[in-house]
């Protein structure tokens, strides 16, 4: 496992990619509620903020692919969260959390963590606070099966084990600290929260990632007024604005060769955004394998209807009648529901009864979609109507037979 992580690290450093991949992790979920306040649970707030952070980037950064570790209330092991980022060769990993203090103690403010050793500077209170955060965030390991195997016997309850984590490459460490400082500055400015500073600690979800990464503690759910603020729409807007400003500043530093006409924040509107898939595997994998913000890669190969005969060669690469009808200057939106390494019959149970599923082919993979409309809102509603069957479904776009960035295509239709 460690060998794979190191290999991914080497491959990801200084990669000249046209698309910047951002992975956003909503902490906790499912049976792991995280910290709880009087009116809310950490797992609910982290999901709300993670989706808001991703949406503003999707809406305003056409060269950025946003991937979420989870989009609903489900439990993920820490290594699985990191594996999503590693499998996508992400450029940046951000994990969203809400802080808490023991009963009877009051604390307020925003802080950011990067991977590193806890500071042993003689400040007992600071050390204890940092250690409690590390132990609390890593304690989720105890919910996992065979955690000794995945984490090589790591005991989250042992203070001695907290200093044994391996450090990521120096370059990733430097970038992580750059990002954390930008997060502290911009989020505290946008929200008016107390600046609790940048910290380094050995959080497992950061240790297992192979790219620059940070963990955000948005505030204290155990402090009543902070919990109340975190549950407001105003807080979501303010944190989102701060996150976006920090992200753009960071990206412009680490990837200066790409210039993107980001929209001013005053022009940003609250409306549905194109969705991204979460992670990919071989075989039929839900809507995995592509992203709603996936650059201008062409849909390499055939388009067709589920259950078509397996023609090959030029016949398979020829556009279908439906594809010809959709060809034109206006973008056409579709909902991608799953990816398979083989062509499926119309009656295949993996299509879950959807009769109008079609596919396009990228490389050796068949990517199945439903719907086709120039009206983004129509496809957005279609996606929502099938989420119970395909929770990872997301929106893609075509111009003629060319797959294009869904968010950019949507802006053309405004």
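Residue numbers (my numbering): -1 to 412.
Idealized CB from N, CA, C, for every residue including glycine.
Suppose the cutoff is 6 Å on Cβ atoms and the five residues either side in sequence are ignored; what does the same chain contact list for residue i look like?
i, result
"residue 241", "51"
"residue 407", "329, 395"
"residue 188", "236, 239, 240"
"residue 184", "240, 243, 244"
"residue 69", "none"
Identify whether residue i lies in helix, strand or coil by the three-state DSSP scheme.
i, result
"residue 402", "strand"
"residue 75", "coil"
"residue 332", "strand"
"residue 314", "The pLDDT assigned to residue 314 is 35, lower than 50, so where the model puts this residue is not dependable; a value taken from the coordinates is nonetheless given after this. Helix, per DSSP."
"residue 212", "strand"
"residue 374", "helix"
"residue 226", "helix"
"residue 365", "strand"
"residue 39", "strand"
"residue 298", "Annotation note: pLDDT 42 at residue 298 (below 50); position unreliable, coordinate value reported separately. Correct three-state label for residue 298: coil."
"residue 63", "strand"
"residue 199", "strand"
"residue 186", "helix"
"residue 390", "coil"
"residue 89", "coil"
"residue 233", "helix"
"residue 447", "Only positions -1 to 412 of the chain appear in the structure, and residue 447 is not among them; the question remains open."
"residue 170", "helix"
"residue 342", "coil"
"residue 54", "helix"
"residue 27", "strand"
"residue 263", "Low per-residue confidence applies at residue 263: pLDDT is 47, beneath 50, and the placement is therefore not dependable enough to give any value."
"residue 355", "coil"
"residue 44", "helix"
"residue 306", "With a pLDDT of 47 at residue 306, under the threshold of 50, the modelled position of this residue cannot be trusted; read the value that follows with caution. Reduced to three states, the DSSP call for residue 306 is coil."
"residue 1", "Confidence in residue 1 is poor, its pLDDT being 36 and thus under 50, which makes the residue's placement too unreliable to answer from."
"residue 70", "coil"
"residue 175", "helix"
"residue 348", "helix"
"residue 217", "strand"
Going by alpha carbons, who is nearest to residue i out of the options?
i, options, result
"residue 372", "92, 384, 382, 409", "409"
"residue 28", "45, 71, 58, 38", "71"
"residue 338", "364, 25, 180", "364"
"residue 377", "404, 232, 398, 360", "404"
"residue 387", "179, 347, 58, 359", "347"
"residue 92", "233, 30, 47, 58", "47"
"residue 60", "362, 345, 196, 18", "18"
"residue 44", "170, 67, 179", "67"
"residue 398", "370, 382, 381", "370"
"residue 85", "228, 31, 38, 208", "208"
"residue 73", "102, 42, 229", "42"
"residue 228", "30, 40, 32, 31", "40"
"residue 38", "81, 393, 230, 389", "230"
"residue 90", "171, 69, 374", "171"
"residue 331", "400, 169, 232", "400"
"residue 374", "222, 196, 26, 393", "393"
Please say whether residue j and residue i have beta carbons closer to each other than 9 Å?
i, j, result
"residue 213", "residue 112", "yes"
"residue 62", "residue 176", "no"
"residue 79", "residue 246", "no"
"residue 98", "residue 34", "yes"
"residue 201", "residue 77", "no"
"residue 248", "residue 104", "no"
"residue 94", "residue 178", "no"
"residue 472", "residue 36", "Here the chain comprises residues numbered -1 to 412, so residue 472 is not present and cannot be evaluated."
"residue 101", "residue 220", "yes"
"residue 180", "residue 244", "yes"
"residue 190", "residue 96", "no"
Which residues in the same chain as residue i place their Cβ atom closer than 7 Å to its Cβ, once the five residues preceding and following it in sequence are excluded?
i, result
"residue 173", "210, 252"
"residue 238", "50, 51, 54"
"residue 194", "107, 108, 109"
"residue 186", "108, 193"
"residue 234", "46, 47, 50"
"residue 4", "The predicted model places residue 4 with a pLDDT of 38, which falls under 50 and marks its position as unreliable; any figure quoted below should be read in that light. Hits under 7 Å: none found."
"residue 223", "none"
Spatial neighbours of residue i within its chain, please: C-beta separation below 8 Å, excluding the five flanking residues on both sides.
i, result
"residue 384", "333, 335, 352, 368, 391"
"residue 402", "294, 329, 395, 396"
"residue 379", "none"
"residue 366", "304, 334, 335, 336, 337, 338, 342, 349, 355, 356, 357"
Between residue i and chain D, is any beta-carbon pair separated by less than 9 Å?
i, result
"residue 328", "Given the protein chain composition of this structure (a single chain), no chain D is represented."
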